[in-house]
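See structure below.
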Amino acid sequence: MKYSPYQEAIFAFVAFSPDSAIVQAVAGSGKTTTIVEALNRAPAGTNSIFLAFNKAISEELKARGVNARTFHSITYSPALRAIGAKTVNTNKLRELTRASFPPDVNRTYGNMAQKLVGLARNAGIGAIADDTEEAWQALADRHDIAPDEEGASMVTGITVARQLLQLCNASKEADFDDLLYQVVRLNIPLPRFDLVMVDESQDTNAIQRAILRKVLTPRGRVIAVGDSAQAIYGFRGADSSSMALIAKEFNCTPLPLTITYRCASAIVDYASQWAPLEAAPDAPRGAVNALGTEWRLTDFAPDDMVVCRTNAPLISLAYSLIRARVPCHIMGRDIGAGLTSLIEKLQPKGIDALAEKLGAWRDREAAKAALKGDDAKVAAILDKADCIMVLIDSLPENERTVPALCRTIDSLFSGTTGVTLASIHKSKGLEADTVWWLNRSACPSKWAKQAWQQEQERNLCYVAATRAKTTLNLIEAAK
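The following block contains the structure:
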């Protein structure tokens, strides 16, 4: 196989240099192939591991002979043994909150405390960072987290969150965040390696970087692979500058991997407005078509992908496609679960009552967020309410019940055939010959106000464009 000069430079670095490196790998740059071959070129006797972003990538690399693990899998057994837990309890924080605080405190501050504790563990508060009120307030400000009830005290909310973290640390139960956080907090030993390659390094957080230090031998080195232009998970606690932080901490040499073998040259030209990348020498021209509202439901082929900044337009399009007898499905079981959870929280006695309660919830929560100047949260609330209203409107007259609505949500978000519809966040890692970017005009979002949010909105544009291999169609939903 013929490799690019960039790939050959990476192979030579892994084979002969004792130093760490950071590989800036653009979308579709042959990252997996490069990783496998680079590890094959490592000096004989090198004890190496590849830390993958998710289980699917880990399994793919294992099948190709790589010692690949996820952060969670390498910490799973050591963490559970140290904590005294038998398995992971994904409801740990919710159960602790309900059992430990009075109902009125739980109602006002429970959701806030659980969100903050999750983010605090990602940031390493109490493990590698000081547990101070200022640190918690900074987390709340960055992620726009506040109590559920208007006028409730932020100071009290942060106090509840700090107490919940203490309860969490004392518990003999473990959730997925504990697998990483407690390994660092309790200094639990982990296997150590001479060469550690880490995938999607642009999406790592402070506690993951601490684990990198734990699994590295004293003279070991890190090869961090990622794309800073694809950093889009800041809302989950990933550091928007994580690649720069890794480069500084491990004194990494920068190595480019900037040729994309996925995208046609027209798509490369279009995506380059957000980040630099190069088309492969033999790349087809392809096309980027600004269609506006001039498109038809019958234009979509079964293998096409539709991406959009928000979910409600995708749900609306899905039902239009279904009515036009075009098979489709929406990516994101967690999105469907979130919609169902909100419906259950509202406790409606019927569909009409749900619509009424949903409208009141939307207006109340959006107003609270607007008063705080949190425009991004306003947009998320409106999108969630719009999703459910679109689903309600889609129900047949003889099936207008809440259970039928929940079954519809489950069906729509669990399918696997036909046109794939996905939020841009969910589309990361996917590709298709033809990609339809729905409501291109809505990205970047006007609601992003903080600098890191604006940067990640630009990155979302880059991710959306680079899902396409041959054709990118920019379309708008009919008003």
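My numbering runs 2 ahead of the 1-based position in the sequence shown.
A virtual CB, placed ideally from N, CA and C, is assigned to each residue, including glycine.
CB contact flag (isoleucine 411, threonine 342, <8 Å): As a working mapping, residue 411 is identified with position 409 in the sequence shown. As a working mapping, residue 342 is identified with position 340 in the sequence shown. Yes. Within cutoff.
So alanine 84 packs on leucine 188, CB below 8 Å; how close in whole Å? Locating residue 84 in the sequence shown gives position 82, counting from the first residue. Locating residue 188 in the sequence shown gives position 186, counting from the first residue. Yes, they are in contact, since the Cβ atoms of alanine 84 and leucine 188 sit about 6 Å apart, within 8 Å.
Bounding residues of the alpha helix (DSSP H) (the contiguous stretch that carries valine 290): Position 288 of the sequence shown holds residue 290. No alpha helix (DSSP H) contains valine 290, which is instead part of the beta strand (DSSP E) from 289-294.
In angstroms with no decimal places, state the Cα-to-Cα distance between serine 429 and valine 309. For the purposes of this step, residue 429 is taken as the residue at position 427 of the sequence shown. For the purposes of this step, residue 309 is taken as the residue at position 307 of the sequence shown. Straight-line Cα distance between these residues: approximately 7 Å.
Using 10 angstroms around the beta-carbon of lysine 94, count the other beta-carbons present and answer buried if the total reaches 16, otherwise exposed. As a first step, residue 94 must be located in the sequence shown, where it is residue number 92. With 16 or more other Cβ atoms within 10 Å, it is buried.
For a minimum of 3 consecutive residues, which ranges assigned as the beta strand (DSSP E) are wholly contained in the stretch 397-471? 421-425 and 434-440
Go to threonine 158, then tell me how far its alpha helix (DSSP H) extends in each direction, as first and last residue. For this step, residue 158 is matched to residue 156 along the sequence shown. Residues 156-172.
Can you tell me which of Ala320, Trp438, Ile383 and Ala424 puts its alpha carbon nearest to the alpha carbon of methionine 333? Counting from one through the sequence shown, the residue named residue 333 turns up at place 331. Minimum Cα distance to methionine 333 is reached at Ala424.
State buried or exposed for alanine 17, treating a residue as buried only when at least 16 other CB atoms are found within 10 Å of its CB. For the purposes of this step, residue 17 is identified with residue 15 of the sequence shown, where counting begins at 1. Exposed is the call here.
Cβ neighbours of lysine 374 in the same chain (closer than 7 Å, five flanking residues each side left out): If you number the sequence shown from 1, residue 374 lands on position 372. Cβ neighbours of lysine 374 beyond the five flanking positions: Ala148.
Beta strand (DSSP E) segment containing leucine 257, residue limits: Walking along the sequence shown from the start, residue 257 turns up at place 255. Leucine 257 -> beta strand (DSSP E) spans 255-259.
Lysine 448 burial status per 10 Å Cβ neighbour count (16 or more: buried): Along the sequence shown, read from residue 1 onward, the residue named residue 448 stands at position 446. By the neighbour-count rule (16 or more Cβ atoms within 10 Å), lysine 448 is not buried but exposed.
When the Cβ atoms of the stretch 313-331 are set against those of the stretch 342-358, are three or more pairs found closer than 8 Å? no
Do you know how far the Cα of tyrosine 263 is from the Cα of lysine 4? Within the sequence shown, the letter at position 2 stands for residue 4. Within the sequence shown, the letter at position 261 stands for residue 263. Cα to Cα, lysine 4 sits roughly 13 Å from tyrosine 263.
Out of curiosity, what's the CA-to-CA distance linking aspartate 106 and leucine 257? Mapped onto the sequence shown, residue 106 falls at position 104. Mapped onto the sequence shown, residue 257 falls at position 255. If you take the alpha carbons of aspartate 106 and leucine 257, they lie about 54 Å apart.
Leaving out five residues before and five after leucine 316 in sequence, what residues of the same chain have Cβ atoms less than 8 Å from its Cβ? The count along the sequence shown starts at 1 and reaches residue 316 at position 314. Taken in chain order, the residues that qualify are Val308, Cys310, Ile332, Leu423, Ala424, Ser425 and Leu440.
Cβ pair count under 8 Å reaching 3, the stretch 199-206 against the stretch 23-41: yes
Assign lysine 482 to one of two classes, buried (16 or more other C-beta atoms within 10 Å of its C-beta) or exposed (fewer than that). Given a span of 3 to 481 for the chain in the structure shown, any question on residue 482 remains unanswerable.
Under 8 Å: do the stretch 397-411 and the stretch 173-190 share three or more Cβ pairs, one atom per stretch? no
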